[in-house]
């Protein structure tokens, strides 16, 4: 279980994250929603252990999250891959680095699940489409069976059709693999459709955290209500309306 | 600003300490028995072990590295270079005499370099890509590739041997300085031309210049008030490099022309393994360069406040 | 890139094949023929010991270019390692590495090399040591600068998350980005090494006789400036041509890389 308690991150005099506390049980999905500049990227970096919090703690099952080797799916699909290497080499990096013996057929199974042809992996990142690159990025994140996977705007670089497709694949793989997912997105529709819980981040604070259905039906704060109504107006939350 | 200056000063002190340790380590680890070398240079005869040991104790070579380092560093902090272990004379007067030969030569070379490079660069950048510009760039490239010692020999060959217009060896008259100064000055001119030229071109490319011109400011005052200061930035920053270039050239040029000076002083000291002389030159040079670089850094930040923490 | 490739081929040919073209053994002394001018027998004449200058010049290419190559590569390895250690090793490592670089930069490189080579005792090994240990700083600065700009790239973050050790990250993710800039620095340092070798040779601190090296040939020729002035022209000319060619190739390479980066 991911436990974030009283997390504060200051950058110079500015507070980028204040008093963040929540838990994410194994296998569940938390969707963090917020506008740009709300502190989403900082939250991800703090959870991954890439930056040291000013105070507070981030742990996975009581130990620092880094020990659990959490994985990250990035917003910019191609940026996650070294442009001089084949996708396969980058994808296998966690396996090599952590000295894992991969179960027979795991790569093939994941590839099939992500609808990635195996021979595509021998290409370099600039030789595949954005959607393929993002699915390769997901493959790379999942290959070493991490207990926790963070998704930083995993769909925003993709076109609408590819978005739906990729979102479905992520959900299917999560059901199969059982990892806990923390999905950072500005898309409330996606958050409600796929999150077990929704956290709304505003100016570095959690405005509201609730079960997805509760949140969609009855947001407590004015800000969240506005957010939901805007999503409904845009047709992103048809299910609820 | 004061914080930056303090940081730079601290950095300069760290660099100086590093230089001191490196210098001493080098002297300490120099192969051969320095005591024997010193004794030989001093007595110039067959030596008994007792004499060598006596020299060793006298010069302080029988202590441990760090003991010897602190003993060595103490007087240096007051710029007291002591006596030469080889000649037995105090170091400063001899060093000062060399500097008094080297300074005028360095200034003359710098002057020649500026007189040639500034007009050449300005003319060249009037029309970038023109024949004149290419000529200047080509000349600078060739100048950068010519080693000072070779140029010096060629100048001696032409002006001293063939034409017999100028004296070549020694430093007895001011005329003796002409060829060495020319040798160094041409090298300085070559590197400065490149730097000033690209400085001017870069300054001209400043995005605000077209707006100033549109306001009706004359080309001339645009050049004076806006292009020149920007072109000065790279010139100021390379001043340290230029000084290094000068000193490197000086060592060789003084040797070629048989001139007394800091360079010959250093080479002589190395050859006779006169550690007091070597360390005096090294410490003094390091001090000068650290101070010059400190001043350059400060000036740089005054001219162009954008540069700051980014390259700290 | 093409100009640099051509240049490297030309220099390798010069250093590799040049000595084979030499008409005589460069160290064979022939006193009766000493200080003779250019002739059909000795195309460029002979030196004070009657050795064939053309043969010495061609053999000298191997010394000057070969040593310059070795020195510039050693200093590249030192500098890149220090620069990457600074970029990857955290704040303390960065501080130590950069102050060390400043310390070495605080002194004119060639003067430092003269002092080091001189105190170590003249010879080829001291020459290599002296010029390598005073020639790595530019590589270090470039490696650190690019290293710092690479560290926030996605694939570096991913490699960290994957648990790849720092030296592997440096090897696989930093080094490929460094190579173009390091090559530009290398051309400059290669030219500087040629100048440094001949300068030390000229002062008598470098390659020792009877080995033919351009700087020490100049030192020999200097004494006979009056009687056989041409003797002194050739080794200097060889240095100038090599340095000029390398510098021009380096400029072309830098411009090509700048153009490649510009549209981004």
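Chains as they are written, first to last, in my numbering: chain Z, 1 to 241; chain A, 242 to 553; chain U, 554 to 817.
Glycine included, C-beta positions come from ideal geometry on N, C-alpha and C.
No residue range can be given for residue 689/U, since it is assigned to no alpha helix (DSSP H) and is classified by DSSP as neither H nor E. For the region 50-75 of chain Z, the set of residues with a beta-carbon nearer than 8 Å to any beta-carbon of chain U comprises 50, 69, 70, 71, 72 and 74, in chain order. For residue 583/U, none of the residues of chain A pass the 7 Å Cβ criterion, the least Cβ distance being about 25 Å. With respect to chain Z, the C-beta atom of residue 715/U has a partner C-beta closer than 9 Å. Per DSSP, reduced to three states, the secondary structure at residue 798/U is helical. A Cβ-Cβ separation of about 7 Å places residue 657/U in contact with residue 687/U under the 8 Å criterion.
Under the Cβ criterion (8 Å, minimum of three pairs), the region 365-374 of chain A does not count as touching the region 763-782 of chain U.
Your pair residue 736/U and residue 598/U does not check out as a contact, with CB atoms roughly 39 Å apart and the cut at 8 Å.
For residue 93/Z, the residues of chain U that pass the 8 Å Cβ criterion are 711, 712, 715 and 717, in the order they occur in the chain. The Cβ atoms of residue 201/Z and residue 51/Z do not sit closer than 9 Å to each other. Residues of chain U whose Cβ lies closer than 8 Å to the Cβ of residue 16/Z do not exist; the shortest such Cβ separation is about 16 Å. Residues 121, 122, 123 and 124 of the same chain have their beta carbon placed closer than 8 Å to that of residue 86/Z, with the five preceding and five following residues left out of the count. Within chain U, 652 and 655 have C-beta atoms less than 8 Å from the C-beta of residue 252/A, given in sequence order. Residue 110/Z is positioned such that its CB atom lies closer than 9 Å to that of residue 173/Z. In this chain, the alpha helix (DSSP H) harbouring residue 767/U covers 767-776. In the structure shown, the three-state DSSP call for residue 146/Z is coil. The beta carbon of residue 691/U sits no closer than 9 Å to any beta carbon of chain A. Assignment of beta-bridge partners to residue 197/Z by DSSP yields 30/Z and 211/Z. Excluding sequence positions up to five before and after residue 102/Z, its CB lies within less than 8 Å of the CB of 95 and 143, all in the same chain and listed in chain order. The bridge partners DSSP lists for residue 180/Z are 148/Z. Contact fails between the region 662-677 of chain U and the region 716-727 of chain U, because fewer than three Cβ pairs, one in each stretch, are under 8 Å apart. Measuring C-alpha to C-alpha distances from residue 756/U to each of 293/A, 426/A, 505/A and 419/A identifies 505/A as the nearest. Rounded to whole angstroms, the separation of the alpha carbons of residue 133/Z and residue 115/Z is 12 Å.
According to the DSSP assignment, residue 668/U belongs to the alpha helix (DSSP H) that extends over 662-673. Counting only Cβ-Cβ distances below 8 Å, residue 98/Z has contacts in chain U at 715 and 716, in chain order. Against chain U, the beta carbon of residue 292/A has no neighbour under 9 Å; the closest one sits roughly 23 Å away. Here residue 511/A has 519 as same chain residues with Cβ atoms under 8 Å from its own Cβ, once five neighbours each way along the sequence are excluded. Rounded to whole angstroms, residue 581/U and residue 616/U show a C-alpha spacing of 17 Å. By the neighbour-count definition (other C-beta atoms within 10 Å, threshold 16), residue 40/Z is a buried residue. Burial is judged here by how many other beta carbons sit within 10 angstroms of a residue's own beta carbon; residue 808/U has fewer than 16 and is exposed. When only Cα atoms are considered, residue 166/Z and residue 45/Z end up about 23 Å apart.
DSSP lists 23/Z and 59/Z as the bridge partner or partners of residue 3/Z. Residue pairing for residue 340/A: DSSP places it in no beta bridge. Of the residues assessed, residue 221/Z falls on the exposed side of the cut-off, its CB having fewer than 16 other CB atoms within 10 angstroms. By DSSP's assignment, residue 71/Z forms a beta bridge with 149/Z. Close CB contacts of residue 347/A within its chain, under the 6 Å cut and outside five residues either way in sequence, are with 487 (chain order).
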